[in-house]
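Take a look at the structure below.
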Amino acid sequence: MLAGCRKDQKEKMMKKKAPVVKNQEFEATVIDLTYDGNGVVKFDDFPIFVTNAVPGEKIIVGVTKVTTNYGFGRVVKRLVESADRNADIDAKVLQSGVAPLAHLTYEAQLKHKQKQVADVFNKQHVAVNVAPTVGMDDPWGYRNKAQIPVREINGELTTGFYRRGSHRLQPMEDFYIQDPEIDKAIVVIRDILRKYHVAAYDEQNHKGVVRTIMVRRGHYSHEMMIVLVTRAKRLPTSEFIINDIREALPEVVSIIQNVNQEKTNVIMGDQNKVLWGEKAIKDTLLGKTFAIGPNSFYQVNPAMTEVLYQTAADKADLKPTDVVIDAYSGIGTISLTIADRVESVLGVEIVPEAVDDAKRNADLNGIKNAKFALGKAEEKMSQWAAEGLKPDVIFLDPPRKGLTQELVDAAVEMGPQKVVYISCNPATLARDAALFVEQGYEVTGDVQPIDQFPQTTHVESVTVLERKA
Ligand code: SAH
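Those letters in the sequence shown? Residues 1 to 469, per the UniProt record's numbering, in order.
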């Protein structure tokens, strides 16, 4: 009796058992798409995330993994195909993880991104209208930067991309979303490294020489930077490698060795050696020139960055008397493209090289009313608030993790009429917007998603928060 009771209790305390098992197959209709591009089906109420499945499609699901609260699956057979499916896509692209939304038509991708922004604001109970996503006419070959892992496969130095959700390199020459000139350069450099028998990095044993090839190409300038990220301090036969690269790739103006001796997934190390040429490349955005060093953040889709900055500046409704803060200023791109329209801009950025680049970029463009501070945006802004600084507009362009409470408090204390929030992560955007709303701000106008990253799951958007009268 007693034992039975205990058993009941124990069963109650045990977590509910999943209603499916691995390798089980069943028919289902895809009802939703997750932020990371997986289709959602349900077995009873139990959600299963299925790769390469589009909402509306009827499929036979094969369960590949089960956890307590959800499972993963694959499409065993597609019974009914959605009109939102991009039927032309090469299976290799989908496997690679380069373009996790490429199984959707571009139209459907843009709608998916709009919906995602609307959903996260709903979750935070912040009422907004989200405008349709502004997309690209040609949503391929847009990336101005590539970081390509180098590994040995079948005894040969190979470049490619990690398979979706893994660290297994899949050899690749066409990366679809990168500037095709960058794709060509990577093959050329791979062949040069092969010619001189340079050892590829061996992740498991932390041996070998070249870990990553980074290439950046100015969209307008066509200046190219090559960075060879090495585990070893020494790059054998470097003079030959440099000569061959210069001969084969006339656009190259800078060849850099970056040393990363750590056992880490972080791509770049701290030490840069200029092997040949300049220490930065130049490119233009909205008519201003920017020098971009190897470690500095620079937007990866220049054509859409111009749309993004233009949208942000228009929504800010800038006036010649405005004092502006540009928080998370990187190499100063936002500050310097709006400087002509305002009284003054004050940027703040945490990466020292980026701040140096920003100052150099101000000089390069003869801009005198933009200043850049080095430090944590939250700390600098608290300090400025305490000093009584009263900006009219604050631009915020944080990394994916968004803002801190300290930053929001400092911004509110300074009391700007407008906060223009440029976000690369809707979840943290909506969370942070709610913090501003709590403190007397409201979202005005539409939230505007702008597709900086076609074929991928990244969502960029501009939101304006205004101080209530
Ligand atoms: N506005 C720039 C950069 C945006 S990316 C542009 O459009 O190009 C975000 C930037 O925030 C990066 O340059 C990163 O180095 C910087 N950053 C990250 N955390 C920070 C912090 N706590 N304080 C200031 N800057 C930070």
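Just so you know, even glycine gets a beta-carbon here, dropped at the ideal spot from N, CA and C.
- In this model, Lys123 and Ala434 are separated by some 10 Å (Cα to Cα).
- With a cut-off of 7 Å, the C-beta of Ser329 is classified as near the ligand SAH, since at least one heavy atom of the ligand falls inside that distance.
- When C-beta atoms of the region 322-329 are compared with those of the region 375-394, three or more pairs fall below 8 Å, so the two segments count as touching.
- In the three-state scheme derived from DSSP, where H, G and I count as helix and E and B as strand, Glu442 is classed as strand.
- Contact between Ile256 and Val227 holds: their C-beta atoms lie close to 5 Å from each other, under 8 Å.
- If you ignore the 5 residues before and after Glu152, its C-beta comes within less than 6 Å of the C-beta of Ala200, all in its own chain and listed in chain order.
- Beta-bridge pairing by DSSP links Pro171 to Gly160.
- For Lys418, DSSP records a beta bridge to Val393 and Glu466.
- With a cut-off of 7 Å, the C-beta of Lys376 is classified as near the ligand SAH, since at least one heavy atom of the ligand falls inside that distance.
- Gln109 has its alpha-carbon roughly 11 Å from the corresponding atom of Val54.
- At the C-beta level, Ala291 and Ala280 come within 8 Å of one another.
- Between the region 61-71 and the region 87-107, the count of C-beta pairs closer than 8 Å stays below three; the two stretches do not touch.
- DSSP, reduced to helix, strand and coil, places Ser166 outside both helices and strands of the structure shown, so it counts as coil.
- The ligand SAH has a heavy atom closer than 7 Å to the beta-carbon of Ala354.
- A contact is defined here as three or more CB-CB pairs under 8 Å, and the region 148-162 fails this definition with respect to the region 115-130.
- In terms of Cα proximity to Ile350, the closest of His125, Pro399, Leu193 and Gly155 is Pro399.
- Rounded to the nearest angstrom, the Cβ distance from Thr51 to Asn38 is 6 Å, consistent with a contact under 8 Å.
- Per DSSP, the continuous beta strand (DSSP E) segment holding Gln147 begins and ends at Lys145 to Ile153.
- Residue environment for Leu318: buried (at least 16 other C-beta atoms within 10 angstroms of its C-beta).
- With a contact defined as Cβ atoms closer than 8 Å, Arg217 and Arg231 miss out at about 25 Å.
- Using a cutoff of 7 Å, the CB of Phe290 does not count as near the ligand SAH, since none of the ligand's heavy atoms is closer than that.
- In this structure, the ligand SAH has no non-hydrogen atom nearer than 7 Å to the beta-carbon of Glu438.
- With respect to the C-alpha of Asp314, the residue from Asn295, Thr337 and Val150 having the closest C-alpha is Thr337.
- For Thr305, the enclosing alpha helix (DSSP H) begins and ends at Pro302 to Ala316.
- In summary, Glu378 is buried, with 16 or more beta-carbon neighbours lying within 10 Å of its beta-carbon over all protein chains present.
- Under the DSSP assignment, Gln109 falls in the alpha helix (DSSP H) whose first and last residues are Tyr106 to Lys123.
- Under the three-pair Cβ rule at 8 Å, the region 43-50 does not count as touching the region 111-123.
- Looking at the DSSP output, Glu460 bridges to Ile450.
- Per DSSP, the unbroken beta strand (DSSP E) holding Lys273 starts and ends at Gln271 to Gly277.
- For Lys359 and Asp446, the gap between their C-alpha atoms comes out near 33 Å.
- About 29 Å separates the Cβ atoms of Gln178 and Arg234, ruling out a contact at the 8 Å cut-off.
- For Ser344, the enclosing beta strand (DSSP E) begins and ends at Ser344 to Glu349.
- Relative to the ligand SAH, the beta carbon of Val348 is positioned inside 7 Å of a heavy atom.
- The residues Ile242 and Ile255, in chain order, have a CB closer than 6 Å to that of Trp276 in the same chain once the five nearest residues on each side in sequence are set aside.
- By the C-beta density criterion, Gln271 is exposed, having fewer than 16 other C-beta atoms within 10 angstroms.
- The way I'd put it, the region 165-177 does touch the region 94-102; three or more beta-carbon pairs between them come closer than 8 Å.
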